[in-house]
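To keep things clear, I will list the structure first and then write my remarks on it.
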Amino acid sequence: MEDPIDGLKNLESMTVNPDKHTLNVTWIERESKLLYTIFPANRLGEWEKTIPNIQQQIEDDLRSLNAFLTEVVQQGNPSDERWESICFNLQSVGANLFEMLIPSEVAKKVRDWKIGSPVIISTNEQWIPWELMYDGEDFWGKKFIIARSPRLSDSQDLPDKNRPESKGKRQIKRIVNIVGGDVPSSEAERATHLFSNLLPPEAVQLLAKQPISSLVKAIPGTDALHFTCHGHLEPHLLQIAGDKNKTRIENLLPETILRLPLEPGSLVFANACASTVPVLTFGKFSSFGWKFYQRGADAFIGTLGAVPVKYAFNFAEIVYRELFNPDEKITIGQAVAKAKEVAANERNLFWLLYCIYGDPDFSIVQQKNSKEEDHAN
Numbered sequence: 001m002e003d004p005i006d007g008l009k010n011l012e013s014m015t016v017n018p019d020k021h022t023l024n025v026t027w028i029e030r031e032s033k034l035l036y037t038i039f040p041a042n043r044l045g046e047w048e049k050t051i052p053n054i055q056q057q058i059e060d061d062l063r064s065l066n067a068f069l070t071e072v073v074q075q076g077n078p079s080d081e082r083w084e085s086i087c088f089n090l091q092s093v094g095a096n097l098f099e100m101l102i103p104s105e106v107a108k109k110v111r112d113w114k115i116g117s118p119v120i121i122s123t124n125e126q127w128i129p130w131e132l133m134y135d136g137e138d139f140w141g142k143k144f145i146i147a148r149s150p151r152l153s154d155s156q157d158l159p160d161k162n163r164p165e166s167k168g169k170r171q172i173k174r175i176v177n178i179v180g181g182d183v184p185s186s187e188a189e190r191a192t193h194l195f196s197n198l199l200p201p202e203a204v205q206l207l208a209k210q211p212i213s214s215l216v217k218a219i220p221g222t223d224a225l226h227f228t229c230h231g232h233l234e235p236h237l238l239q240i241a242g243d244k245n246k247t248r249i250e251n252l253l254p255e256t257i258l259r260l261p262l263e264p265g266s267l268v269f270a271n272a273c274a275s276t277v278p279v280l281t282f283g284k285f286s287s288f289g290w291k292f293y294q295r296g297a298d299a300f301i302g303t304l305g306a307v308p309v310k311y312a313f314n315f316a317e318i319v320y321r322e323l324f325n326p327d328e329k330i331t332i333g334q335a336v337a338k339a340k341e342v343a344a345n346e347r348n349l350f351w352l353l354y355c356i357y358g359d360p361d362f363s364i365v366q367q368k369n370s371k372e373e374d375h376a377n
């Protein structure tokens, strides 16, 4: 296994931010042990947490959380009193995860971190839902801008350790907008026009219910991919095609990602949704973010499971509105944080399920329109 310092080399290109913290996590499976280090290494030491059968416990907790969120969806618009009960019970689930996984010394340090600051989780595991940790004050996914930085060389099942690196400024001149099969017609129509007010029509290529072969042909020269499609656990795939049988034949598999002609430095947003109720699949769905990161995406936004489609679309709309803000340079971490804030104020709990892989300081260089360019000349 690599030295933790070497595992942080992929963070060197990220923007310097005095409030940014890096929590280095190493999972030693044979000992059922988690090792934690807070970097810079000359400031803080190493702590460990040994938890027998931890992966099974996490799976059980997420299954229980899935049932809880399903009941919340069925409530419609709850009264104030019922909403307080929902929040208290959800916080209790997060508090249990926090106490089970986080050493007390680390918990004490983290409580001193500035609210809203970026927290990089440099990790070799794919199954811990960091966003759901509740530290007694708030969920980490709301309190901080959490971003996973996978340490690829720590994972034996990832043969390609030479992750493609981006070069030059980040611009989104072309985006492929993928709308999958079985998305309700009204939401599919909204997804089709997601970028109508943000980018010129020629900058967006729509793929509606198209197979993986069409996606492969569309990707070269693309700066960003956006998926609005159903996420499935068995079989494990994103349903990009119109295949009603949800087979592996035409849809996007985690194994497929490493062969996609993705441009290094791309932005990928996989908005995995479900028809009416959530489907938590974290530990499997995380592999989409892991694979896209390995393939060279600078930033990947995904979910810990499939979010009900109406909530999923609203969330994406806010993220892109913030990211393409012509008056202010907004990072992807800040854009996601804003979308979470709006969702929380609307009593939508599903903001908790959104996660970031890669650089939370990813931002784009706004393109000047023709009038601005003429004026500048």
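Mapped onto the UniProt record's numbering, the consecutive letters of the sequence shown carry residue numbers 1 to 377.
Even glycine gets a Cβ: it sits at the ideal position worked out from N, Cα and C.
Practice problem: Between the Cα of THR303 and those of ASP327, VAL319, PRO326, CYS273, spot the shortest distance and give me the residue it belongs to. | Solution: CYS273
Quiz item: What whole-angstrom Cβ distance do LEU267 and ALA224 have, given they're in contact under 8 Å?
Solution: 4 Å
Quiz item: Count the other CB atoms within 10 Å of the CB of ILE51; is the residue buried (16 or more) or exposed (fewer)?
Solution: exposed
Quiz prompt | CA-to-CA distance, HIS21 to ARG148, given in whole angstroms | solution = 12 Å
Exercise. Would you decide whether ASP19 is buried or exposed? Buried here means 16 or more other CB atoms lie within 10 Å of its CB.
Key: exposed
Quiz item: Which of the three DSSP states, helix, strand or coil, is assigned to LEU158?
Solution: At LEU158 the pLDDT is 44, less than 50, meaning the model places this residue with poor confidence and gives no usable figure here.
Quiz item: How many angstroms separate the CA atom of ILE240 from the CA atom of ILE28?
Solution: 35 Å
Quiz prompt | Run of the alpha helix (DSSP H) containing GLU46, from where it starts to where it stops | solution = Run containing GLU46: none in the alpha helix (DSSP H); it sits in the beta strand (DSSP E), 46 to 50.
Self-check item: C-beta atoms of GLU131 and GLY116 nearer than 8 Å
Solution: no
Quiz item: Is ASN271 helix, strand or coil by DSSP?
Solution: strand
Quiz prompt | Rounded separation between PRO123 and LYS49 - CA only | solution = The question names Pro, but residue 123 in the sequence shown is Thr. Using only the alpha carbons, I get a separation of about 15 Å.
Quiz item: Nearest CA to the CA of ASN245: which residue from ASP182, CYS87, ILE102?
Solution: ASP182
Practice problem: With a threshold of 16 other CB atoms inside 10 Å of the CB of ILE121, please say whether the residue is buried or exposed. | Solution: buried
Quiz prompt | Classification of CYS87 by the beta-carbon crowding that lies within 10 angstroms, buried from 16 upward | solution = exposed
Practice problem: Mind listing, in chain order, the continuous beta strand (DSSP E) runs of no fewer than 3 residues lying wholly within the stretch 191 to 217? | Solution: 204 to 208
Practice problem: Using 10 angstroms around the beta-carbon of ALA67, count the other beta-carbons present and answer buried if the total reaches 16, otherwise exposed. | Solution: exposed
Exercise. Could you check which residue in ILE332, MET133, PHE300, ALA191 has the C-alpha nearest to that of SER363?
Key: ILE332
Quiz item: Ordered along the chain, which non-local residues of its own chain (more than five positions away) have a Cβ less than 6 Å from that of GLU328?
Solution: none
Quiz item: Taking all protein chains shown into account, do 16 or more other C-beta atoms lie within 10 angstroms of the C-beta of HIS193, making it buried, or fewer, making it exposed?
Solution: exposed
Quiz item: What runs of the alpha helix (DSSP H), each 4 residues or longer, lie entirely inside the stretch 290 to 331?
Solution: 309 to 323
Quiz prompt | Local conformation of THR247 per DSSP, three classes | solution = coil
Self-check item: Residues near LEU97 by beta carbon distance below 8 Å, same chain, minus five either side
Solution: ILE58, ASP61, PRO129, LEU132, MET133, TYR134
Quiz item: Do three or more CB pairs link the stretch 215 to 229 to the stretch 353 to 363 at distances below 8 Å?
Solution: no
Self-check item: Short CB-CB distance (under 8 Å) between LEU225 and chain C
Solution: Note that chain C does not occur in the displayed structure, where there is just one protein chain.
Quiz item: By the 10 Å Cβ neighbour count, where 16 or more other Cβ atoms means buried, how is GLN56 classified, buried or exposed?
Solution: exposed
Quiz item: When the Cα of PRO103 is compared with those of GLU46, ARG63, PRO211, which residue comes out closest?
Solution: GLU46
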